[in-house]
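If you read the sequences in order, they're chains U and X.
Using my numbering, read the first sequence as starting at 36 and increasing by one per residue.
Using my numbering, read the second sequence as starting at 6 and increasing by one per residue.
No residue lacks a Cβ here, since even glycine has one placed at the ideal position from N, Cα and C.
Since the model is a prediction, treat every value here as computed from it, not as a measurement.
First comes the structure, then the notes that go with it.
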Amino acid sequence: MRHLSKALIVVAGLAVSACSNPDRFGDQYADGTGAGGAGAGAVAGTAQDPQSPLYFQQTIGDRVLFAVDQSTLSPTATATLDGQAQWLATNVEYNAIIEGHADEQGTRQYNIALGARRANAVQEYLISRGVSPARLKVISYGKERPLEICSEESCYAKNRRAVTVISAVPTS
Amino acid sequence: MRVFLAFVAILASLAAPVMAQDERSGPLRIEITEGVIEPLPFAVPNFVAESAQAQEMAANITRVIAADLTGTGLFREIPQDAHIARVTAFSSPVQFADWKAINAQALIVGGVSVDDSGKVVVKFRLHDVFAGQQMGDGLQFVGTTDGWRRIAHKVSDQVYARLTGEDPYFDSRVVFVSETGPKDARQKRLAIMDYDGANVTYLTDSASIVLAPRFSPGGDRVLYTSYESGFPKIYVLDVATAGRNVLNAADGEMSFAPRFAPNGQTIVYSLTTGGNTDLYQLNIGSGQTSRLTTTPSIETAPSFSPDGSRIVFESDRSGTPQLYVMPAGGGEATRISFGQGRYGTPVWSPRGDLIAFTKQSKGRFHIGVMRTDGSEERLLTASFLDEGPTWAPNGRVIMFARETQGAQGTSSLWSVDITGRNLKQVRTDTGASDPSWGPLQK
């Protein structure tokens, strides 16, 4: 069992590092896993293993949502981020890229800047909870990578997000 | 595809039959004004094929000229099957009475020859039918067969300029983002096309997100934003070779929304660091950068005035995105948008008199224009999502992207003139967004 779980982590590490370029849209499109930014891609590991990126994504929650035009963290968001910070404190072999997104209401350029604000709000919060700044990167996709594609508030609400994507610490 | 064009004035102007001046005083001229206009009727019989190989090309060139002129909304073609006179030789005397009888006010007559080396010679004359006179010199263009559409646009440009008194715009290109796939897996590529959607060439593949290309003033280079490195960074691409260079940014910085200054050397752009987006400028030659704004708000979408002295941009320093003008070197900015709603993507007209923008109000998007002090705001379009205006080289027409609503939504390019008339889609084979209209080609 000990061997098996180690093997799983190695596989997870490989899978994540192969996708450490956050714009791996082409790959995702080809294998049909969607393209909601890197956060929507397949994540290795099992949801039962608290050390796996999949556990981080599904059990702790890899994303927080924002109100229209806002980058303020809600109490729900900070609760999720507390869990993220704790996980990152335990699992030091992983870093994270925080992806900021906007809904389609807004111009392309403004939404990139708005997504950056959201990603930055998450980054600052995680740092305030003890995560080393060196382990966190931010990127904004603006409105380029919606998860939900209807043109209604129910979809927009899910697209106004910041997603914390776990990646392996570079070995070199 | 390289096209060499040479103007040759056809000096031996025909002795047109002398006719009495009609009641109209002054030359034939269509005034482009704010009011409703009646399109000016013109006739363009098929250009005469002056060599055996020229038959098809002569007909094609004629159709492109007719499409250019009618596409402006300022001219109406009298169909060829209504023509009475037949033009069988470029130098035949013009039968003005026959053209007058079908109420053609302007008549374009031309000839096309193609030789074995692929050299194309196109000549034309423009006539004022009711005055019974030729308007301006006859001209001859020399090019190659693969550049036939450009030669046709050159003829149209001459006709448009003579009939409107305005600078023309048909022989120009548009760089844009070609889009395929659904909204949540959209593939984007940089592409370049003629202003009318013909001759599409792809400049990048779809491996990375590419955004908002912008032509250099000379049309030889394109600035754009790509996620190629994993993060948004600005690239400059040589149009002729498609070779590209990244403009360096530090790790952890995101740069986007670039635009050239009129000198073609300086660029202004947005740079995000620590979640805050400000405007910077960079001299491409020296690599020297300077920061233009220092606020905690978002500053983006900068555009220079044509004299290079000022920059209009978008900022949410007041709480919502609005338009501001500041000196090109930075300094105090003046807010110019005061209407209800959110304003973005301002673009200074090449004439210097107007600023085009995107406006979001009550759940709808609009393309509009205002004077450079923000007065006389006019909305030209309305839809679910209109965005990103770009000016025709003569400052009379605006192209923009329109995205349709819902899960099946797609983006396409549209044009509208600055009076709000003649809204129409620009034909593209794929979805399309982020147009940037280049200069009139030499």
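Which residues of chain U have a Cβ atom closer than 7 angstroms to the Cβ of residue i, listed in chain order?
| i | result |
| --- | --- |
| Phe-482 (chain X) | Only positions 6 to 447 of chain X appear in the structure, and residue 482 (chain X) is not among them; the question remains open. |
| Pro-326 (chain X) | Tyr-145 |
| Thr-363 (chain X) | Thr-142 |
| Gly-436 (chain X) | Those do not exist, as Gly-436 (chain X) stays about 14 angstroms from chain U at its closest Cβ, beyond 7 angstroms. |
Does any CB atom of chain U fall closer than 8 angstroms to the CB of residue i?
| i | result |
| --- | --- |
| Ala-217 (chain X) | yes |
| Gln-345 (chain X) | no |
| Phe-181 (chain X) | no |
| Ala-90 (chain X) | no |
| Gly-170 (chain X) | no |
| Glu-319 (chain X) | yes |
| Gln-410 (chain X) | yes |
| Pro-351 (chain X) | no |
| Ile-372 (chain X) | no |
| Gly-393 (chain X) | yes |
| Gly-143 (chain X) | no |
| Gly-76 (chain X) | no |
| Gly-443 (chain X) | no |
What three-state label does DSSP hand residue i in the structure shown?
| i | result |
| --- | --- |
| Tyr-348 (chain X) | strand |
| Val-164 (chain X) | helix |
| Arg-152 (chain U) | helix |
| Thr-377 (chain X) | coil |
| Phe-343 (chain X) | coil |
| Pro-440 (chain X) | strand |
| Val-402 (chain X) | strand |
| Met-140 (chain X) | coil |
| Gln-83 (chain U) | coil |
| His-136 (chain U) | strand |
| Phe-309 (chain X) | strand |
| Pro-267 (chain X) | coil |
| Asp-1 (chain X) | Past the edges of chain X, shown from 6 to 447, lies residue 1 (chain X), and the structure says nothing about it. |
| Gln-413 (chain X) | coil |
| Thr-68 (chain U) | Here Thr-68 (chain U) scores only 32 on pLDDT, less than 50, and its place in the model is too uncertain to base an answer on. |
| Met-147 (chain U) | Note that residue 147 (chain U) is Ile in the sequence shown here, rather than Met. In the structure shown, Ile-147 (chain U) sits in a helix (DSSP, three-state: H, G or I). |
| Asp-243 (chain X) | strand |
| Glu-159 (chain U) | helix |
| Ala-131 (chain U) | strand |
With a threshold of 8 angstroms between beta carbons, is residue i in contact with chain X?
| i | result |
| --- | --- |
| Ala-151 (chain U) | yes |
| Leu-182 (chain U) | yes |
| Ser-189 (chain U) | no |
| Glu-134 (chain U) | no |
| Ser-7 (chain U) | The requested residue 7 (chain U) is not part of the displayed model; chain U covers only 36 to 207. |
| Asn-155 (chain U) | yes |
| Glu-179 (chain U) | yes |
| Gly-69 (chain U) | At Gly-69 (chain U), the pLDDT of 33 sits below 50, so the modelled position is not reliable and the matter cannot be decided from this model. |
| Ser-202 (chain U) | no |
For residue i, return the contacting residues in chain X, with the cut-off set at a CB-CB distance below 9 angstroms.
| i | result |
| --- | --- |
| Ser-109 (chain U) | Chain X residues near Ser-109 (chain U): none, gap ~17 angstroms exceeds 9 angstroms. |
For a contact meaning CB atoms closer than 9 angstroms, what does residue i contact in chain U?
| i | result |
| --- | --- |
| Leu-390 (chain X) | Glu-139, Gln-140, Ser-186 |
| Gly-400 (chain X) | Within 9 angstroms Cβ-Cβ: nothing; Gly-400 (chain X) doesn't reach chain U, min ~22 angstroms. |
| Gly-414 (chain X) | Glu-139, Ile-184, Ser-186 |
- prompt: What residues from the segment 157–177 of chain U come within 9 angstroms of chain X, judged by C-beta to C-beta, listed N to C?
  reply: Gln-158, Glu-159, Lys-172, Val-173, Ile-174, Ser-175, Tyr-176, Gly-177
message: Assess contact between the segment 186–201 of chain X and the segment 90–105 of chain X, defined as three or more Cβ pairs (one per stretch) separated by less than 8 angstroms. Is contact present?
response: no
- request: Could you name the residues of the segment 180–200 of chain X whose beta carbon sits closer than 9 angstroms to any beta carbon of chain U, in the order they occur along the chain?
  value: Gly-186, Pro-187, Lys-188, Asp-189, Ala-190, Arg-191, Gln-192, Lys-193
The segment 141–148 of chain X / the segment 51–67 of chain X touching (three or more Cβ pairs under 8 angstroms): no
task: For the segment 240–250 of chain X and the segment 150–163 of chain U, state whether three or more C-beta atom pairs, one from each stretch, are separated by less than 8 angstroms.
output: no
query: In chain order, what residues of the segment 270–290 of chain X put their CB closer than 7 angstroms to some CB of chain U?
result: Ser-275, Thr-277, Gly-279, Gly-280, Thr-282
- request: Count the C-beta pairs between the segment 299–315 of chain X and the segment 346–353 of chain X that are closer than 8 angstroms, then say yes if the count reaches three, no if not.
  value: yes
message: Tell me whether the segment 107–125 of chain U and the segment 326–345 of chain X touch, counting them as touching only if at least three CB pairs, one residue from each stretch, are closer than 8 angstroms.
response: no
Against chain U: residues of the segment 237–269 of chain X by CB proximity under 8 angstroms: Pro-237, Gly-257, Met-259, Phe-261, Ala-262
task: Quick one: which residues of the segment 330–344 of chain X get their C-beta closer than 9 angstroms to a C-beta of chain U? List them in chain order.
output: none
- prompt: Listed in chain order, which residues of the segment 289–307 of chain X have Cβ atoms closer than 7 angstroms to some Cβ of chain U?
  reply: Ile-303, Thr-305, Ala-306
task: Assess, as a yes-or-no matter, whether the segment 389–402 of chain X is touched by the segment 367–381 of chain X under the definition of 3 or more beta carbon pairs within less than 8 angstroms.
output: yes
message: For the segment 209–220 of chain X against the segment 108–115 of chain X, do three or more pairs of beta-carbon atoms, one drawn from each stretch, fall closer than 8 angstroms, so that the two count as touching?
response: no
task: Could you say if the segment 86–96 of chain X and the segment 175–182 of chain X meet the contact criterion of at least three C-beta pairs nearer than 8 angstroms?
output: no
- prompt: Residues in the segment 121–155 of chain X with C-beta within 8 angstroms of chain U's C-beta atoms, listed in sequence order?
  reply: none
- prompt: Counting Cβ pairs closer than 8 angstroms, one from the segment 216–228 of chain X and one from the segment 252–265 of chain X, do we hit at least three?
  reply: yes
message: Assess contact between the segment 170–180 of chain U and the segment 134–147 of chain U, defined as three or more Cβ pairs (one per stretch) separated by less than 8 angstroms. Is contact present?
response: yes
field: the segment 96–110 of chain U contacting the segment 181–196 of chain U, beta-carbon criterion three pairs below 8 angstroms
entry: yes
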